[in-house]
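Residue numbers for the sequence shown follow our numbering, beginning at 24 and rising by one.
First the structure, in the form of structure tokens, and then the observations on it.
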Amino acid sequence: MNWKQTIRVGGLITLMTLSLVGCNSETSYSPQEIIDQSLQETQELASYYGEYTLDIDESGVANVKEWMKDGKRRIEMSVDGDHVIAVNDGKQIISYSKKENKATIISFENGELGDFMGQSAKDSAQVLLNLVKDSHDITIAGEESIAGRDTYHITAKAQKKNTLLGDVEVWIDKKTWLTLKTITTNAGNVTTQEYSKLDVNKKMEDKLFTFDIPKDATVEKIDPQNQTSTATIEEVKEQLGNFLMVPEVNGLSISSIVDMKVKERPEFSFEFEKDDQPAFSVSVLKEASNEEFGNLGNEEEIQVRGKKGTCMDLGELFVISWSEDGYQYNIISENPEFTKEEILAYAEEMTNVQ
């Protein structure tokens, strides 16, 4: 599971906490206050039903219907000649593709569904707002009507060229603080998500959050507990051979080694901490000679250990990547107190595992 693939599929979710920069507005709320309020849980909403479109440039337009009640969700999406239904009943997720006549079931212990459902339009917008709080200049552009509801229109202009997200626009409902429209630009690609209908505190039957799989459908069951597992250094050496690793010195130590469970090309992530605090992770996998992801449009070319590498800016955090002697390395910062220069210095100290 290469990290660039992860970015393309789901995006890296990094929460930022510093204050943002805004300009004055005639409204009684500043951009900071509006975003902080929109990021809070909307406890007054027991349920809502929404309809929105998701337009991703050349990928086409998806028409989505969404029901939410007490943490349970149902999504119906029509895209590319297919109709997909996904239901989260609090214990498991069932998704079904009518075109493929295939269902996928993911069960969770203790109702801990994590992020497997895929995010609602509201959740996706909140992730975007968190991502841009430190890396963009944020202003209130005005007040507009979306889906017949009054919203604050907020623009976020990227402070740097090489950032995970380019310019972002969001329209936030004044009453519910739900985000009703987003426009994001990344590497020249524009994604627009916009509600055309929103009914809040709508009465819903519990049966909405159940789904009967057709008897002739193909069914795949996925155990999320088996998606990754811990590993020992000996197990990694057996799979990868003689690779490089950051030495455990000066208070830096490996807290865990994670097997990413990639069958095609084994990948392991070494989680480092310093003074009992997360520091960074180093993922290692063998380089594939025919692999080509291309530049994501938000990477800075740098030198790592005398090799050509890249650094992707994620606001306070970043990802450093390079290839060396047949291996691909990715260092993902997990603590804003560690600078890029410090991480590069750790990379320079890497030695072959013994």
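For glycine and all other residues, C-beta sits at the position ideal for the given N, C-alpha and C.
Only a predicted model underlies this, so the values are computations on that prediction, with no experimental measurement involved.
Apart from the 5 residues on each side of it in sequence, residue 74 sits with its Cβ closer than 6 Å to the Cβ of 88, 219 and 220 in its chain, given in chain order. Scanning the segment 173 to 203 from its first residue to its last, the whole beta strand (DSSP E) runs of 3-plus residues come out as 191 to 196.
Per DSSP, the continuous alpha helix (DSSP H) segment holding residue 263 begins and ends at 256 to 263. Short of 6 Å from the beta carbon of residue 100, and not among the five residues preceding or following it, lie these beta carbons of its own chain, in chain order: 85, 87 and 107. Put simply, the backbone Cα of residue 196 is about 6 Å away from that of residue 202. The residues 291, in chain order, have a CB closer than 6 Å to that of residue 259 in the same chain once the five nearest residues on each side in sequence are set aside. Around the CB of residue 105, fewer than 16 other CB atoms lie within 10 Å, so the residue is classed as exposed. Looking at the DSSP output, residue 220 bridges to 74.
Straight-line spacing of the CA atoms in residue 279 and residue 252 works out to 10 Å. A Cβ-Cβ contact shorter than 9 Å links residue 254 with residue 282. With respect to the C-alpha of residue 155, the residue from 124, 176, 68 and 188 having the closest C-alpha is 188. In the three-state scheme derived from DSSP, where H, G and I count as helix and E and B as strand, residue 376 is classed as coil. Residue burial is scored here from C-beta neighbours: residue 368 has fewer than 16 other C-beta atoms within 10 angstroms and is therefore classed as exposed.
Contact holds between the segment 123 to 132 and the segment 231 to 245, because three or more Cβ pairs, one in each stretch, are under 8 Å apart. The three-state reading of DSSP puts residue 226 in coil, since its state is none of H, G, I, E or B. If the five residues before and after residue 90 are omitted, its C-beta is found closer than 7 Å to the C-beta atoms of 72, 96, 97, 227 and 231, all from its own chain and listed in chain order. When secondary structure is reduced to three states using DSSP, residue 80 falls in the helix class. One Cα belongs to residue 256, the other to residue 324, and the distance between them is close to 31 Å. DSSP assignment within the segment 95 to 128 yields the following whole beta strand (DSSP E) runs of 3 residues or more, N-terminal first: 95 to 102, 105 to 111 and 115 to 120. Counting C-beta atoms within 10 angstroms of its own C-beta, residue 353 has 16 or more neighbours from the protein chains shown and is therefore classed as buried. Closest in C-alpha terms to residue 157, from the list 224, 182 and 178, comes 182.
With 16 or more other Cβ atoms from the protein chains shown falling within 10 Å of its own Cβ, residue 332 counts as buried. Under the three-state reduction of DSSP output, residue 59 falls in the helix class. Counting along the chain, the unbroken beta strand (DSSP E) around residue 277 starts and ends at 275 to 282.
DSSP, read as helix, strand or coil, puts residue 363 in helix. Exclusion of the five residues before and after residue 130 leaves 115 as the residues of its chain whose Cβ lies within less than 6 Å of its Cβ. Bounds of the beta strand (DSSP E) holding residue 346 are 340 to 347. Between residue 305 and residue 293, the CB-CB gap stays under 9 Å. Counting other Cβ atoms within 10 Å of its Cβ, residue 117 reaches 16 or more and is therefore classed as buried. Sequence-distant partners of residue 119 (beyond 5 residues in either direction) whose C-beta falls short of 6 Å from its own C-beta, in its chain, are 108 and 126. Comparing alpha carbon positions, the residue from 244, 276, 297 and 194 closest to residue 174 is 194.
With 16 or more neighbouring CB atoms inside 10 Å of its own CB, residue 110 falls in the buried class.
Per DSSP, the continuous beta strand (DSSP E) segment holding residue 241 begins and ends at 241 to 245.
Residues of the same chain with a CB within less than 6 Å of the CB of residue 308, apart from the 5 flanking positions on each side, are 288, 290 and 351 in chain order.
Listed in chain order, the non-local C-beta contacts of residue 334 below 6 Å within the same chain comprise 323, 325, 341 and 343, local neighbours out to five positions each way being set aside.
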